[in-house]
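Right, dumping it as structure tokens:
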């Protein structure tokens, strides 16, 4: 088969037409992007949850989950514009929750190590002062 | 009415301008204002530009979208939706900056901790070295002290031996009051206090003993026989004791190391019945103290 044959083949033409129809249908209904937005936001919420955001950023986490629920409801109601908007907001909330959880953990760890250092330095100074009179 | 035309035209123009300004005023919401404030704070936080530049760019883009909607005079609900997204993204950039700064702090603190551990080990090693050196110095000091003690023992043994020789020469007798050297009557002029040549020699030997044994003191006691008045005897015995003292003072012996007593005819060494016994009673006894010890009184 040559290229010309491919283009003129009735089967190929039919497939191209079908694809165009599906794409057009997706665009007009906004169903596909809204579904994708909701899926991305769900992943963001899951990530935040596994970073411990439920404990460390409870307000943002609650907000993200509520908006996820509303976005899912909007999907069911085929209000795809609202579903996308809610999904975007849920994603922003989830990302903030995750970053809050991470910064809290890092700050706590930094405080701990700095406290360790302070204690070590004190011990070192004490040892120095005890050694001084001997020398 | 020309005047009123001139005043009316600028008035109309001003009103037109005001109306135009009103109609072109962008939509404002309190959430958007708040978000702009958050944005300014993030922009002036150096940690954000250092640690979260990508997140801050995303937040900037989100705010621009909200601002554009406001400029288009979109309804406040739409502006608020965009402002909310921008606000959350700005907060996210702040949190990520905080996290990265804390992580950098941890990395730096880890280095500091390693350095401190090293310092602690160095200090322990230094202290161990110092202790070892101190112990060695102590050992050397102890050794030196032992050598000194040994030398001082040898020295005192030598001095004791020399003293013994000198005392033997002076015919010293050991008594419970100390060594006693007796200077007989022949060492003084007859019924006089002055020392003869032999007496002076004896006093010089005694002076040598005192010079070599600076811790010792002497008590010089004078005695007579029972012949003659007791006042005379007391005075003679005292003068004889003092002339021995003067001989010692002449040799440079300190006055406070020499005490004298005159006893007259008291404490006779023999009976006063024969001439030779009386001669034994006419005497001066010199009591030599032990080192740093007072001489006990005569009983």
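Chains as they are written, first to last, in the working numbering: chain H, 19 to 153; chain B, 526 to 824.
Glycine included, every Cβ here is placed at the ideal spot set by N, Cα and C.
>> Check whether the segment 718 to 729 of chain B and the segment 767 to 785 of chain B touch, using three or more Cβ-Cβ pairs below 8 Å as the test.
In response: yes
> What residues are listed by DSSP as bridge partners for residue 507 of chain B?
Replying inline: Shown here, chain B extends from 526 to 824; a query on residue 507 of chain B therefore has no answer.
> Taking contact to mean at least 3 C-beta pairs separated by less than 8 Å, is the segment 593 to 604 of chain B in contact with the segment 80 to 89 of chain H?
Replying inline: no
>> By alpha-carbon positions, which one of B:632, B:580, B:694, B:650 ends up nearest to residue 110 of chain H?
In response: Here residue 110 of chain H refers to the residue found at position 92 of the first chain. The option with the nearest alpha carbon to residue 110 of chain H is B:580.
>> Using beta carbons (cut-off 9 Å, strictly below), is residue 665 of chain B in contact with chain H?
In response: By one-based count along the second chain, residue 665 of chain B stands at place 140. Not one chain H Cβ lies under 9 Å of residue 665 of chain B.
> So which residues on chain H does residue 628 of chain B lean against when the C-beta distance must stay under 7 Å?
Replying inline: What you label residue 628 of chain B is simply residue 103 of the second chain in a count that begins at 1. Within 7 Å Cβ-Cβ: 124.
> For a contact meaning CB atoms closer than 8 Å, what does residue 610 of chain B contact in chain H?
Replying inline: Sequence index remark: in the second chain, residue 610 of chain B carries index 85 (1-based). Within chain H, the residues near residue 610 of chain B are 106, 107, 110.
> Any residues in the segment 84 to 100 of chain H with a beta carbon nearer than 8 Å to a beta carbon of chain B? Which ones, in chain order?
Replying inline: none
>> I need the boundaries of the alpha helix (DSSP H) containing residue 727 of chain B, first residue and last residue.
In response: Reading the second chain from its first residue, position 202 is the one you call residue 727 of chain B. Its alpha helix (DSSP H) spans residues 722 to 737.
>> Going by the DSSP bridge assignment, what does residue 746 of chain B pair with across the sheet?
In response: Your numbering for residue 746 of chain B matches position 221 in the second chain. DSSP lists B:786, B:810 as partners of residue 746 of chain B.
>> Tell me which residues share the same chain as residue 688 of chain B and place their Cβ nearer than 8 Å to its Cβ, disregarding the 5 neighbours each side in the sequence.
In response: Locating residue 688 of chain B in the second chain gives position 163, counting from the first residue. 734, 737, 738.
> Whose C-beta lies closer than 6 Å to the C-beta of residue 807 of chain B among residues of the same chain, with five residues either side of it excluded?
Replying inline: Numbered from its first residue, the second chain carries residue 807 of chain B at position 282. Correct list, in chain order: 710, 749, 750.
> What's the C-alpha gap between residue 803 of chain B and residue 797 of chain B?
Replying inline: Against the second chain, residue 803 of chain B aligns to sequence position 278. Against the second chain, residue 797 of chain B aligns to sequence position 272. Rounded to the nearest angstrom, the two C-alpha atoms are 5 Å apart.
>> I want to verify the contact list: residues of chain H whose CB lies under 7 Å from the CB of residue 641 of chain B, in sequence order.
In response: Start at 1 with the first residue of the second chain, and residue 641 of chain B comes out as number 116. Those are 135, 138, 139, 142, listed as they occur along chain H.
> What's the gap between the Cα of residue 702 of chain B and the Cα of residue 820 of chain B?
Replying inline: On the second chain, residue 702 of chain B is found 177 positions in, with the first residue counted as 1. On the second chain, residue 820 of chain B is found 295 positions in, with the first residue counted as 1. Taking the straight line joining both Cα atoms gives about 6 Å.
> What residue from B:575, B:558, B:619, B:570 has the CA that sits closest to residue 589 of chain B's CA?
Replying inline: As a working note, residue 589 of chain B is residue 64 in the second chain. Among B:575, B:558, B:619, B:570, the Cα nearest to that of residue 589 of chain B is on B:558.
> Using DSSP with H/G/I as helix, E/B as strand and the rest coil, what is residue 45 of chain H?
Replying inline: Residue 45 of chain H sits at position 27 when you count from the first residue of the first chain. Confidence at residue 45 of chain H is low in this model, with a pLDDT of 44, below 50, so the placement of that residue is unreliable and no value is reported for it.
> Which residues bound the alpha helix (DSSP H) around residue 818 of chain B?
Replying inline: Here residue 818 of chain B is taken as the residue at index 293 of the second chain, counted from 1. Careful: residue 818 of chain B lies outside any alpha helix (DSSP H) and carries neither H nor E.
> Leaving out five residues before and five after residue 810 of chain B in sequence, what residues of the same chain have Cβ atoms less than 6 Å from its Cβ?
Replying inline: For the purposes of this step, residue 810 of chain B is identified with residue 285 of the second chain, where counting begins at 1. For residue 810 of chain B, where only same-chain residues beyond five positions count, the Cβ hits under 6 Å are 705, 707, 746.
> The alpha helix (DSSP H) with residue 797 of chain B in it runs from where to where?
Replying inline: On the second chain, residue 797 of chain B is found 272 positions in, with the first residue counted as 1. Counting along the chain, residue 797 of chain B falls outside any alpha helix (DSSP H), and DSSP gives it neither H nor E.
> Hey, would you say residue 107 of chain H sits closer than 9 Å to residue 62 of chain H, going by beta carbons?
Replying inline: One-based indexing of the first chain puts residue 107 of chain H at position 89. One-based indexing of the first chain puts residue 62 of chain H at position 44. It is not a contact, given that the beta carbons lie outside the stated cut-off.
> What number of angstroms, rounded off, separates the C-alpha of residue 551 of chain B from the C-alpha of residue 562 of chain B?
Replying inline: Position 26 of the second chain, counting from 1, holds the residue named residue 551 of chain B. Position 37 of the second chain, counting from 1, holds the residue named residue 562 of chain B. Looking at the two C-alpha atoms, the distance is approximately 17 Å.
> So what does DSSP say about residue 562 of chain B, is it helix, strand or coil?
Replying inline: Residue numbering aside, residue 562 of chain B sits at position 37 when the second chain is read from its first letter. The answer is helix: DSSP assigns residue 562 of chain B an H, G or I state.
>> If you reduce the DSSP assignment to three classes, tell me which class residue 709 of chain B lands in.
In response: For this step, residue 709 of chain B is matched to residue 184 along the second chain. In the structure shown, residue 709 of chain B sits in a strand (DSSP, three-state: E or B).
>> Applying the 10 Å Cβ sphere with the 16-neighbour rule, what's the burial state of residue 93 of chain H?
In response: Here residue 93 of chain H is taken as the residue at index 75 of the first chain, counted from 1. Classification of residue 93 of chain H: buried, given that the 10 Å Cβ count is 16 or more.
> Any beta-carbon of chain B closer than 9 Å to the one on residue 65 of chain H?
Replying inline: Numbered from 1 along the first chain, position 47 holds the residue referred to as residue 65 of chain H. By this cut-off, residue 65 of chain H is not an interface position.
> In angstroms, rounded to a whole number, what distance separates the CA positions of residue 129 of chain H and residue 122 of chain H?
Replying inline: Numbered from its first residue, the first chain carries residue 129 of chain H at position 111. Numbered from its first residue, the first chain carries residue 122 of chain H at position 104. Using only the alpha carbons, I get a separation of about 10 Å.
> If we count the other Cβ atoms within 10 Å of its Cβ and call it buried at 16 or more, is residue 112 of chain H buried or exposed?
Replying inline: Taking the first chain and counting its residues from 1, one reaches residue 112 of chain H at position 94. Buried.
>> I'd like to check one pair, residue 570 of chain B with residue 619 of chain B: are the Cβ atoms closer than 9 Å?
In response: Within the second chain, the letter at position 94 stands for residue 619 of chain B. Within the second chain, the letter at position 45 stands for residue 570 of chain B. Contact: yes.
> Where does residue 752 of chain B fall in DSSP's three states?
Replying inline: As a position in the second chain, residue 752 of chain B is number 227, starting the count at 1. Coil, per DSSP.
> What do you get for residue 607 of chain B, buried or exposed, if any count of 16 or more other CB atoms within 10 angstroms of its CB means buried?
Replying inline: Taking the second chain and counting its residues from 1, one reaches residue 607 of chain B at position 82. Residue 607 of chain B should be labelled buried.
> Under 9 Å between the Cβ atoms of residue 54 of chain H and residue 99 of chain H?
Replying inline: Taking the first chain and counting its residues from 1, one reaches residue 54 of chain H at position 36. Taking the first chain and counting its residues from 1, one reaches residue 99 of chain H at position 81. In this structure, residue 99 of chain H does not lie closer than 9 Å to residue 54 of chain H by Cβ.
> Expressed to the nearest angstrom, what Euclidean distance is found between the alpha-carbon atoms of residue 127 of chain H and residue 60 of chain H?
Replying inline: Within the first chain, residue 127 of chain H is the residue found at index 109, counting from 1. Within the first chain, residue 60 of chain H is the residue found at index 42, counting from 1. Computed Cα separation, rounded: 29 Å.
>> Distance cutoff 9 Å, beta carbons only. Does residue 582 of chain B sit that close to anything in chain H?
In response: By one-based count along the second chain, residue 582 of chain B stands at place 57. Output row for residue 582 of chain B: interface = no.
> Between the Cα of residue 713 of chain B and the Cα atoms of B:766, B:645, B:795, which residue gives the shortest distance?
Replying inline: For the purposes of this step, residue 713 of chain B is taken as residue 188 along the second chain, with counting starting at 1. The shortest Cα separation from residue 713 of chain B among B:766, B:645, B:795 belongs to B:766.
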